[in-house]
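Data block below; observations after.
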Amino acid sequence: MFKLLKYLKHYTLQSILGPLFKLSEAALELLVPLVVAAIVDQGITAGDRSAILWYSLLMVAFGLIGLALSVTAQYFSAKAAVGFTTRVRSALFRHIQGFTYTQLDQIGTSTLITRMTSDMNQVQSAVNLTLRLLLRSPFVVLGAMVMAFTIDWKAALVFVVTIPVLSVVVFGIMLICIPLYKKVQAALDRVLGRTRENLSGVRVIRAFCKEEEEIAEFDARNRVLTGAQKFVGRISALMNPLTFALINLAIILLIHTGALRVEAGILTQGAVVALYNYMSQILVELIKLASMIISLTKGVACGNRIQAVLELPTGEPVRESGETAAGTALVFRHVSFRYEGAQEDSLTDISLTLKPGETLGVIGGTGSGKSTFANLIPRFYEATEGVVLVGGKDVCSLPAGELRSRIGTVPQKAVLFKGTIRENLCWGNENAADEELHAALSAAQAAEIVAAKGLDAPVEQNGRNLSGGQRQRLTIARALVKKPEILILDDSASALDFATDAALRRALRELPWKPATVIISQRTSSIAHADQILVLEDGEAVGLGTHEALLESCPVYKEIYDSQFGGAKA
Amino acid sequence: MKKTNQKAALQGVLKRLRPYTGWVVLSILLATVTVVLSLYIPILVGKAIDCIIAPGKVDFAAIFRIFLEIGGAAGITALLQWVMNAINNKITYQVIEDVREEAIRKIQRLPVSYLDSHSSGDIVSRIIADVDQFADGLLLGFTQLFTGVVTILVTLIFMLTIHPGITALVVVLTPLSLLMARFIAGRTYKMFKLQTETRGEQTAFIDEMIANQKVVKAFNREEINAERFDEINSRLEKASLKATFFSSLTNPCTRFINNVIYALVALTGALVALAGGLTVGGLTCFLSYANQYTKPFNEISGVITELQSALACAARIFDLTDQAPALKETGSGELSGVEGHVDLQNVAFSYMPEQKLIEDLNLQVQPGQRIAIVGPTGCGKTTLINLLMRFYDVNEGSIQVERCDIRTLTRRSLRKNYGMVLQETWLRAGTVKENIAMGKPDATDEEIIAAAKASHAHSFIKRLPQGYDTLLTEDGGNLSQGQRQLLCIARVMLCLPPMLILDEATSSIDTRTELKIQDAFAKMMKGRTSFIVAHRLSTIRDADVILVMKDGHIIEQGNHETLLAQNGFYAKLYNSQFSLTV
Chain C
53 MFKLLKYLKH YTLQSILGPL FKLSEAALEL LVPLVVAAIV DQGITAGDRS
103 AILWYSLLMV AFGLIGLALS VTAQYFSAKA AVGFTTRVRS ALFRHIQGFT
153 YTQLDQIGTS TLITRMTSDM NQVQSAVNLT LRLLLRSPFV VLGAMVMAFT
203 IDWKAALVFV VTIPVLSVVV FGIMLICIPL YKKVQAALDR VLGRTRENLS
253 GVRVIRAFCK EEEEIAEFDA RNRVLTGAQK FVGRISALMN PLTFALINLA
303 IILLIHTGAL RVEAGILTQG AVVALYNYMS QILVELIKLA SMIISLTKGV
353 ACGNRIQAVL ELPTGEPVRE SGETAAGTAL VFRHVSFRYE GAQEDSLTDI
403 SLTLKPGETL GVIGGTGSGK STFANLIPRF YEATEGVVLV GGKDVCSLPA
453 GELRSRIGTV PQKAVLFKGT IRENLCWGNE NAADEELHAA LSAAQAAEIV
503 AAKGLDAPVE QNGRNLSGGQ RQRLTIARAL VKKPEILILD DSASALDFAT
553 DAALRRALRE LPWKPATVII SQRTSSIAHA DQILVLEDGE AVGLGTHEAL
603 LESCPVYKEI YDSQFGGAKA
Chain G
102 MKKTNQKAAL QGVLKRLRPY TGWVVLSILL ATVTVVLSLY IPILVGKAID
152 CIIAPGKVDF AAIFRIFLEI GGAAGITALL QWVMNAINNK ITYQVIEDVR
202 EEAIRKIQRL PVSYLDSHSS GDIVSRIIAD VDQFADGLLL GFTQLFTGVV
252 TILVTLIFML TIHPGITALV VVLTPLSLLM ARFIAGRTYK MFKLQTETRG
302 EQTAFIDEMI ANQKVVKAFN REEINAERFD EINSRLEKAS LKATFFSSLT
352 NPCTRFINNV IYALVALTGA LVALAGGLTV GGLTCFLSYA NQYTKPFNEI
402 SGVITELQSA LACAARIFDL TDQAPALKET GSGELSGVEG HVDLQNVAFS
452 YMPEQKLIED LNLQVQPGQR IAIVGPTGCG KTTLINLLMR FYDVNEGSIQ
502 VERCDIRTLT RRSLRKNYGM VLQETWLRAG TVKENIAMGK PDATDEEIIA
552 AAKASHAHSF IKRLPQGYDT LLTEDGGNLS QGQRQLLCIA RVMLCLPPML
602 ILDEATSSID TRTELKIQDA FAKMMKGRTS FIVAHRLSTI RDADVILVMK
652 DGHIIEQGNH ETLLAQNGFY AKLYNSQFSL TV
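One line per chain: the protein sequences are C and G, in this order. Quick note on numbering: the numbering used here labels position 99 of the first sequence as 151, and the sequence is numbered without any gaps. Quick note on numbering: the numbering used here labels position 421 of the second sequence as 522, and the sequence is numbered without any gaps.
This is the structure we're talking about:
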């Protein structure tokens with residue numbers, strides 16, 4: 053939590069002034085009893101009506117000044133708390149953007165979302181409250197102790213003992229609660245995860261009539277959450293009663309000491325009343341403090357969760373590399389790859405060279421490593437052995453942004469974002485002119501989608517308002533708008549019918565800037581024309597060559613081909 | 102209009118509190134006892150101090166008796182306070198649990214069309230963040246509102262015993278601070294609503310971008326996204342600052358009014374005292390009670406601002422649970438002994454009224470027939486599946502299964518009879534085994550493995566780190582599309598209902614594996630009515646009826662041979678697939 057406080061630096065002034073103004077207001081409040089005393093002494097006892105009137109007006113004036121002070125304080129603390137959270141949120145979002153694929157696989161979406169939202173809100177209210185009460189409470193508590201010393205040092209010792217004991221109780225409960233609140237937030241993550249699944253999987257859940265089971269499972273997680281909340285609630289609810297009991301114990305001690313001191317002729321009765329009043333002030337303050345502490349505890353627990361994400365390293369380090377390959381678009385040199393935590397390599401010892409303008413086809417069974425192969429090129433994952441070179445340079449020696457700006461990827465899952473078709477296409481190039489967009493669309497066989505709806509037609513979240521085939525063609529267009537040196541199509545035509553697929557391939561070959569193209573497909577027809585075809589089986593290259601050569605030399609390829617065209621002959 | 106929103110939200114909250122009436126009453130009782138006791142302790146202390154007059158005039162015996170009373174009262178108060186807090190916790194979190202349960206039940210009954218047209222991130226934000234915020238407000242309301250009200254009542258009684266006239270003055274004036282609080286609250290509700298809405302928008306953005314972070318990275322969009330995020334973030338900052346600051350004005354303002362009232366009481370009290378109507382001691386005492394009396398008004402006004410924010414959140418939750426449309430069962434019929442007759446009569450459907458999709462579609466399917474639906478992308482194939490499964494209802498005409506209009510059946514009974522594999526391969530966070538057994542949770546390991554073998558998923562599952570017990574991440578992210586599709590097929594293979602829907606079920610699977618699965622599919626489809634949507638014509642060559650769809654109409658119908666012989670649209674599609682020279 054405390055490392056997050058650096059984001060408060062921009063609000064140093066507000067963070068200091070807020071509590072200070074609040075403090076002045078509190079000090080002003082302490083003056084009111086003196087004014088009342090003056091009314092009694094100079095007004096009633098002396099029988100002076102105008103004095104009563106003047107002192108009453110003075111009280112109203114104090115009220116007005118107090119109002120001004122406290123409004124200013126509220127403004128400063130609100131400004132600092134809201135500004136602080138805004139900055140942390142922005143920092144966290146940027147940080148998450150820097151995570152690698154491996155990290156994203158491991159952390160999971162749900163927890164990142166709760167940390168960005170629910171945790172953040174808790175932190176905001178905690179900071180706001182703290183700034184308002186931070187100085188005030190210790191000021192009143194310690195002030196009361198100092199005042200007690202001015203009356204009688206021996207009686208004041210009761211304060212000296214009570215205040216640390218109270219602190220132990222308050223901070224002890226806080227320390228116990230912080231990890232418990234962390235558990236609450238983790239339980240909330242799981243409720244969120246289930247909720248998201250229920251929304252994304254609604255068709256499957258209904259098709260399997262699993263509504264009741266889903267409800268039961270959600271309820272179970274929800275109950276775990278409630279249980280955790282109630283448990284921590286019961287413990288933090290101890291704060292008020294315990295401090296209340298302790299202070300009353302202290303009052304008994306105080307009066308006892310007072311009685312002995314009066315008996316000994318050291319103190320007067322009035323002094324005992326004053327001592328008692330100071331102890332009561334501590335009590336009133338602690339009651340206020342308790343509700344703040346609960347919110348603060350929650351805030352610290354949530355802040356820790358945010359900090360934990362911020363502390364994870366991001367991005368891929370750029371390394372010097374001596375490996376080069378002049379005049380090539382894409383080179384794999386003895387590349388192997390294994391997913392984190394997996395027991396076998398997903399790719400083993402792949403080597404190939406692709407020149408600018410050439411086309412590489414990649415084919416193989418489900419799970420043979422085709423997508424993994426594609427993911428190594430833009431360094432989404434990093435080869436565990438060997439080197440990948442793009443444009444003749446080791447991908448590890450290029451900054452991620454520069455590397456990826458050269459590569460246009462069309463992922464398997466056709467994801468579009470909320471906005472318009474134009475906005476989605478401009479992901480490839482922010483400054484693309486309409487003609488460029490239209491050119492990309494027609495190459496991607498998506499011109500008709502726009503012809504009907506226009507470039508500014510709305511796209512809903514995940515492109516829900518478009519069919520699978522339409523989404524796929526738009527994602528292809530999006531990659532083309534980028535005009536990349538290397539274009540990767542990861543089984544991106546699976547939802548297209550064959551006529552469209554064929555037209556797409558023709559258009560890709562005629563792209564004016566001649567990119568090196570990597571086409572991953574299940575269909576031999578999609579890759580048969582490629583300059584080279586890589587045949588993968590269980591992560592190993594079992595064939596590399598042209599369609600004709602492979603039909604001769606590679607039994608796996610022949611088998612795949614026959615599975616698709618054998619029937620045609622029959 | 103806003104007033105009624107707020108009122109409706111408040112009524113919604115009260116409705117959900119009703120089951121806990123007993124606990125609420127108990128909480129109020131405990132609040133009363135603790136307040137009375139904690140106000141009584143100062144009186145005891147006063148008595149004790151009265152026993153300490155001067156050296157030699159200290160009554161230790163009496164003091165110790167009073168100490169016992171103070172100790173007892175404090176002990177009891179502390180204990181009751183804790184019980185009360187625990188009860189308030191219980192009520193709050195139970196209500197929250199209920200609200201979330203209500204929400205998930207509602208989600209299961211929302212029409213698919215609602216979910217298709219609403220951002221899931223926003224719905225998530227309602228169920229998670231809004232409910233959370235609502236809980237905070239409710240809890241604060243409970244802990245402070247009751248004790249506040251009780252303190253007011255009790256001190257009022259104490260004051261009345263001292264001087265009824267000045268008490269009347271106090272009573273008449275204090276509501277001013279509540280009026281002030283209400284005035285501010287009324288103004289800030291709108292700000293809170295804006296804050297909540299902006300938060301919802303931000304959550305939706307976060308949800309969308311974080312869920313698709315991989316695409317974001319592929320397009321180097323990190324910086325642009327961060328900028329867009331910051332734009333929403335800065336709007337949220339403004340909205341939050343306004344809501345937080347203006348709502349926090351309540352406390353200083355009401356405190357100011359109370360200070361003025363306090364000054365007025367001092368003034369009139371002093372004047373009355375001057376006239377001999379009150380002793381100095383009486384005035385001091387009265388003033389301290391007046392102070393005790395007005396303090397809860399501050400707290401209550403503070404609570405009111407919290408409740409504002411909580412109500413704005415509650416309104417968004419109730420929007421979902423109470424306002425969003427729920428599916429109604431239009432019939433209670435149960436399908437039994439399904440053989441597989443399916444009739445579509447004059448079916449018309451469109452997602453948007455202005456854009457016609459399916460018109461006048463007729464089709465009679467006999468038991469055990471294999472119906473293949475082909476056609477260019479966007480021709481309405483998937484829509485037909487939506488109608489068969491009753492994710493959407495037809496606009497005109499009817500769909501009948503076993504000669505029952507499916508609208509007279511429960512959705513459950515209809516869907517139980519279909520096995521569905523969709524192009525979108527949805528898997529859940531859980532083990533491989535759980536995912537396969539989704540349709541048949543009581544399946545044995547042998548059955549699961551047999552289904553996995555039949556769908557040719559067994560070999561890749563074996564190679565996963567923990568085999569069948571490997572945990573899939575959210576959205577099944579650690580598997581390839583093809584592997585996920587194999588799992589989806591295994592899922593259906595395990596429960597084998599009488600009718601099948603395969604919507605591009607093998608689109609991501611390589612053809613060699615597909616050929617092998619075809620055997621299993623063939624076995625599975627034997628005697629079962631099946632609807633197959635595919636672009637891969639090899640998959641559908643053996644179908645009994647091939648429907649060629651274009652723009653929502655069936656333009657050709659027949660089997661493979663007759664359609665090829667017609668040399669129409671189907672023939673063109675088929676030939677394009679097998680021409681290598683493109």
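Even for Gly, the Cβ is constructed at its ideal location relative to N, Cα and C.
Which first and last residues belong to the alpha helix (DSSP H) in which residue i is found?
{"i": "G:Val272", "result": "Pro265 to Leu274"}
{"i": "C:Gln584", "result": "First-last for C:Gln584: Gln584 to Glu589, but that is the beta strand (DSSP E), not the alpha helix (DSSP H)."}
{"i": "C:Gly118", "result": "Arg101 to Gln149"}
Would you mind reading off the limits of the beta strand (DSSP E) that contains residue i?
{"i": "G:His654", "result": "His654 to Gly659"}
{"i": "G:Lys651", "result": "Val646 to Lys651"}
{"i": "G:Gln501", "result": "Glu497 to Val502"}
{"i": "G:Asp461", "result": "Ile459 to Val466"}
{"i": "G:Met490", "result": "Segment: none, G:Met490 is in no beta strand (DSSP E) and carries neither H nor E."}
Mind checking if residue i is an interface residue toward chain C, Cβ cutoff 8 Å exclusive?
{"i": "G:Ser335", "result": "yes"}
{"i": "G:Val683", "result": "Note that G:Val683 scores 34 on pLDDT, short of 50, meaning its location in the model is unreliable; the coordinates nonetheless yield the value given after this. Judged by the 8 Å Cβ criterion, G:Val683 is in contact with chain C."}
{"i": "G:Met102", "result": "The predicted position of G:Met102 is uncertain, since its pLDDT is 37 and thus under 50; a value taken from the coordinates is nonetheless stated next. Not one chain C Cβ lies under 8 Å of G:Met102."}
{"i": "G:Met594", "result": "no"}
{"i": "G:Ser128", "result": "no"}
{"i": "G:Ile164", "result": "yes"}
{"i": "G:Thr649", "result": "The identity of residue 649 of chain G in the sequence shown is Val, whereas the question assumes Thr. Chain C contact via Cβ: absent."}
{"i": "G:Ala312", "result": "yes"}
Between the Cα of residue i and those of the options, spot the shortest distance and give me the residue it belongs to.
{"i": "G:Leu140", "options": "C:Tyr153, C:Ile104, C:Val336 and C:Val324", "result": "C:Val336"}
{"i": "C:Lys470", "options": "G:Val184, G:Ser218, G:Leu337 and G:Gly173", "result": "G:Ser218"}
{"i": "C:Ile19", "options": "C:Ala289, C:Gln176 and C:Ile540", "result": "In the structure displayed, chain C extends from 53 to 622; residue 19 of chain C sits before or after that span and is not available."}
{"i": "G:Glu547", "options": "G:Tyr569, G:Arg564, G:Asn321 and G:Thr275", "result": "G:Tyr569"}
{"i": "C:Asp508", "options": "C:Arg474, C:Ala492 and C:Lys407", "result": "C:Arg474"}
{"i": "C:Ile402", "options": "C:Glu375, C:Val440, C:Gly413 and C:Ala378", "result": "C:Val440"}
{"i": "G:Ile618", "options": "G:His559, G:Ile362, G:Asn668 and G:Lys534", "result": "G:His559"}
{"i": "G:Lys343", "options": "G:Asn321, G:Ala374, G:Val366 and G:Ser410", "result": "G:Ser410"}
{"i": "G:Arg52", "options": "G:Leu436, G:Arg471 and G:Ile144", "result": "Residue 52 of chain G falls outside the range modelled here, since chain G spans only 102 to 683, and no answer is possible."}
Taking CB distances under 8 Å as the criterion, tell me whether residue i reaches chain G.
{"i": "C:Leu56", "result": "no"}
{"i": "C:Asn476", "result": "no"}
{"i": "C:Gly619", "result": "Here C:Gly619 scores only 47 on pLDDT, less than 50, and its place in the model should not be relied on; the value that follows carries that caveat. By this cut-off, C:Gly619 is an interface position."}
{"i": "C:Asp508", "result": "no"}
{"i": "C:Arg255", "result": "yes"}
{"i": "C:Ile333", "result": "It should be noted that the sequence gives Gln, not Ile, for residue 333 of chain C. Not an interface residue."}
{"i": "C:Leu83", "result": "no"}
{"i": "C:Val324", "result": "yes"}
**OP:** Report the residue ranges of all beta strand (DSSP E) runs contained in full by the segment 427-462 of chain C; include only those spanning at least 3 residues, in chain order.
**Re:** Counting whole runs of 3 or more residues, the segment 427-462 of chain C contains the beta strand (DSSP E) stretches 437-442 and 459-462.
Original post:
Pairing CB atoms from the segment 541-558 of chain G with CB atoms from the segment 584-601 of chain G, are three or more of them under 8 Å?
Top reply: The segment 541-558 of chain G, when compared against the segment 584-601 of chain G, does touch it at the 8 Å Cβ threshold.
Original post:
Are three or more beta carbon pairs between the segment 478-487 of chain C and the segment 433-449 of chain C nearer than 8 Å?
Top reply: The segment 478-487 of chain C, when compared against the segment 433-449 of chain C, does not touch it at the 8 Å Cβ threshold.
Original post:
What residue ranges within the segment 299-358 of chain C form continuous beta strand (DSSP E) runs of no fewer than 3 residues, ordered along the chain?
Top reply: Within the segment 299-358 of chain C, not a single complete beta strand (DSSP E) segment reaches 3 residues in length.
**OP:** Tell me, please, whether the segment 152-168 of chain C touches the segment 303-313 of chain G by the rule of three or more beta-carbon pairs shorter than 8 Å.
**Re:** Contact between the segment 152-168 of chain C and the segment 303-313 of chain G is present, because at least three Cβ pairs lie under 8 Å.
Subject >> Touch test, the segment 234-242 of chain C against the segment 493-509 of chain G, Cβ-Cβ under 8 Å, three pairs minimum >> reply: No: fewer than three Cβ pairs fall under 8 Å.
**OP:** Could you tell me whether the segment 601-614 of chain G touches the segment 409-424 of chain C, using the rule of 3 or more Cβ pairs below 8 Å?
**Re:** Cβ pair count under 8 Å is three or more, so yes.
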